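According to my numbering, the stretch in the sequence shown is residues 4 to 643, in order. By construction, the Cβ of each residue, glycine as well, lies at the ideal position given by its N, Cα and C atoms. Computed from a predicted structure; not experimentally measured. Working notes, structure below.
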Amino acid sequence: MRLLKRLDIYLLKTFLGFFLAALAVCLFILLMQFTWRWLEELISKGVEGAVLMQFFFYTSLTLIPMALPLALLLGSLLTFGSIGENRELLAMKAAGISLLRIMRPLFCIVVLLSIGSFFFQNNVFPVATRQLAVLLWSMRQKNPEMDIPQGRFYNAIPGYNLFVEHKNSETGMLYNVMIYSQSGNYQDTEITLSDSALLQSTADKKNLKLTLFRGERFKNLNSQSGSMMKANVPYMRETFLHEEVLIPFDTNLDMMSGSAFSHNAQTKSLQNIVVGIDSLNQRIDSTGHATYDMALRGPMNRSLNVGKGDSLALLKRAHDRLPFDSLMNTLSQEQRGNVLKHMQNVVAQQKAEYEFRSLVSEEDNRMLRVHKIEWNKKFTLSVACILFFFIGAPLGAIIGKGGLGIPTIVSVIIFIAYYLVNNSGEKMARSGNMEIVIGVWISSCIMAPFGLWLTRKANSDSAMFNAEAYRRFFMRLFGLRETRKLNPKDVIIYDPDYDTLPRRMESLSERVLRYARRKRLKRTPNYLKLFFAYHTDTEIQEISRELEALVSEMHNSRDHAIIGLLNEIPTLSTTAHTRPFNNRRRNIAAGILLPVGLFFYFRIWRYRLRLARDTQQITRIFKHIIRRIKDKGHGSSSEK
């Protein structure tokens, strides 16, 4: 028995063609979206072609895990939509092949792609992410004069901190410049104020030439150690009109070492993430133990080492309050001030220590959450490939439309919904507001039942995407109805019985008017009878059947005026004016729930008023038709 049949081979060829095309399109769109964020860096830095190729290559590798689920969704939608539009899917089902059997060979390919996606994320993705980070960092270091912002400090040049109030992008001139430069430690800070300046790279790309125009320079002449409280500090002040400063700075694109980004969770494989989690847990535990030990040695600790003494007496003494007020009163004013100042220093020192430890602990906890999120993401994106296949394949079979129209729109909507839920869950998990497993897997948990439901609907040939069914539903919901669209027939076999039609129409008109008077359609209906004591209105059903029989017979007329009058006859709703539901229990429940009951009550009242107008319109149109028949002399007697 052959492992793959011709049908399987045909489906595989069709699917792989659509999948590869969808993957290329999705990857290109995501690449352009990512490149747009770095477009200014790429243009302003004058990056060489080889570096650009590396940028696009590494970026494409990092975007493949995100593009793969979307490509599988779009590819499966296009595949089953195409074979459904060409009636091939209908032929397969007519031959006794179920949808699950048709999906089986494609499912095997999707499983292999999911496994390959996992190994790609575990082995290739971390390396590509690290290399891309190195490349972007090195690009930002090239030509720093292009990066100087307006209205805030810029410290990318070692030893210098620049503030520029305004910058001319075309000429490169900087206006109202303030420069803090340090040749050694903070004691040797030099401040330079300049009306304008120009920062350029030298020809050998080894230095930066800073040209200053009309400014002043300030610098302290002695060390400031221990002299911050002095009133007179000697300093140097220099005024200049034009000055050039040469700053050592290699602006050639030099790739830094990738070890600087090794702490990032995205640059680690699954095994390295586990090692990183263990290290972070150990660091968090050690920080907690150190904080606990510091608290034990602090002044607020009142624990006593009982030893062999009287334990009850020591315990009582530990819980007794110390007479601080009495002790403070025994001290002199100067001693009291020294004690208060000392305690303030102790409290400030302890507060600063705890705040620092809190920041360290908070950062470690954040890094721990990030590592756990990345560990779970190694699996979620692979699982998403399978989930999107079970969404795209049955959805394509239900829609039955190929091409890049409806399938593309549906794919984008589903993927955007998944992306928003996934990003929201990850953000809440990263901030600690949600459990990490729930935050990372919530999007998959939502998509899994949706895919199962779609597969079940498609396997049972559900018409859930039948536009006509949805149109009828909304027309019933909003109380709309279809108008008659009767056209004259080209071939008429039997003419209407014009001799009996006037009498039958007059009889039906009288019956309709009697029904409207007896049912009192223009009056407000009884709330209790509508919801709790409903009886089927068989009379209006018989009137509707008789009316449609007359319309069907008169449609055989050759008189176009009569056909036009027939189109004005309304179609009667035989149940909308009597009850909201066909089920008795639902009617009772709607009547008990007063807001729901009032909504249906006024809706039914509206239908009763419309039915009253319909009875009058039927009577009026019937009179016109009867007059038309008599005026034109239709009928056998007139023909004789």
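Going straight from the alpha carbon of residue i to that of residue j, what length do you get?
i           : j           : result
residue 257 : residue 54  : Confidence in residue 257 is poor, its pLDDT being 49 and thus under 50, which makes the residue's placement unreliable; the coordinate value appears in the next sentence. One C-alpha to the other measures close to 11 Å.
residue 428 : residue 444 : 8 Å
residue 531 : residue 611 : 16 Å
residue 222 : residue 193 : 5 Å
residue 616 : residue 624 : 12 Å
residue 227 : residue 200 : Confidence in residue 227 is poor, its pLDDT being 46 and thus under 50, which makes the residue's placement too unreliable to answer from.
residue 247 : residue 73  : 56 Å
residue 117 : residue 474 : 40 Å
residue 600 : residue 479 : 17 Å
residue 632 : residue 516 : 22 Å
residue 608 : residue 549 : 25 Å
residue 614 : residue 595 : 26 Å
residue 110 : residue 555 : 53 Å
residue 202 : residue 242 : 20 Å
residue 605 : residue 529 : 11 Å
residue 9   : residue 492 : 50 Å
residue 349 : residue 178 : 47 Å
residue 389 : residue 603 : 45 Å
residue 12  : residue 280 : 46 Å
residue 455 : residue 519 : 51 Å
residue 539 : residue 453 : 40 Å
residue 133 : residue 270 : 5 Å
residue 391 : residue 28  : 17 Å
residue 220 : residue 184 : 11 Å
Assuming residue i and residue j are in contact, meaning their beta carbons sit under 8 Å apart, how far apart are those beta carbons, in whole angstroms?
i           : j           : result
residue 400 : residue 451 : Not confirmed; about 19 Å, so no contact.
residue 215 : residue 197 : 4 Å
residue 88  : residue 403 : 6 Å
residue 174 : residue 182 : Not a contact, Cβ separation roughly 19 Å.
residue 127 : residue 64  : 6 Å
residue 287 : residue 371 : 7 Å
residue 26  : residue 125 : Going by Cβ atoms, the distance from residue 26 to residue 125 rounds to 20 Å, so no, they are not a contact pair.
residue 447 : residue 387 : 6 Å
residue 163 : residue 250 : 7 Å
residue 75  : residue 114 : Contact doesn't hold; Cβ gap of about 11 Å is too wide.
residue 598 : residue 84  : No, residue 598 and residue 84 are not in contact; Cβ-Cβ is about 42 Å, not under 8 Å.
residue 439 : residue 368 : Contact flag wrong, Cβ pair sits at about 12 Å.
Can you tell me where the alpha helix (DSSP H) with residue i in it begins and where it stops?
i           : result
residue 605 : 597 to 635
residue 563 : 563 to 569
residue 502 : Looking at the DSSP string, residue 502 is not in any alpha helix (DSSP H), and its letter there is neither H nor E.
residue 439 : 439 to 462
residue 428 : 409 to 434
residue 36  : 9 to 40
Residue i by DSSP, collapsed to three states: which one?
i           : result
residue 481 : coil
residue 509 : helix
residue 544 : helix
residue 178 : strand
residue 101 : coil
residue 83  : helix
residue 107 : helix
residue 184 : strand
residue 381 : helix
residue 494 : coil
residue 196 : strand
residue 537 : coil
residue 399 : helix
residue 62  : helix
residue 212 : strand
residue 67  : helix
residue 361 : helix
residue 173 : coil
residue 250 : strand
Nearest to residue i by alpha carbon, out of the options?
i           : options            : result
residue 569 : 605, 620, 129, 449 : 620
residue 394 : 421, 607, 379, 486 : 421
residue 553 : 133, 573, 423      : 573
residue 79  : 426, 20, 32        : 20
residue 244 : 217, 457, 250      : 217
residue 23  : 61, 81, 511, 526   : 81
residue 636 : 459, 250, 500, 386 : 500
residue 433 : 457, 481, 376, 558 : 376
residue 382 : 557, 68, 102       : 68
residue 629 : 581, 415, 524, 508 : 508
residue 494 : 561, 459, 101      : 561
Along the beta strand (DSSP E) that carries residue i, what are the first and last residues, could you check?
i           : result
residue 167 : 163 to 170
Hey, is residue i close to the ligand FMN, as in C-beta under 7 Å from one of its heavy atoms?
i           : result
residue 402 : What this structure holds is no ligand at all, so the ligand FMN is not there to describe.
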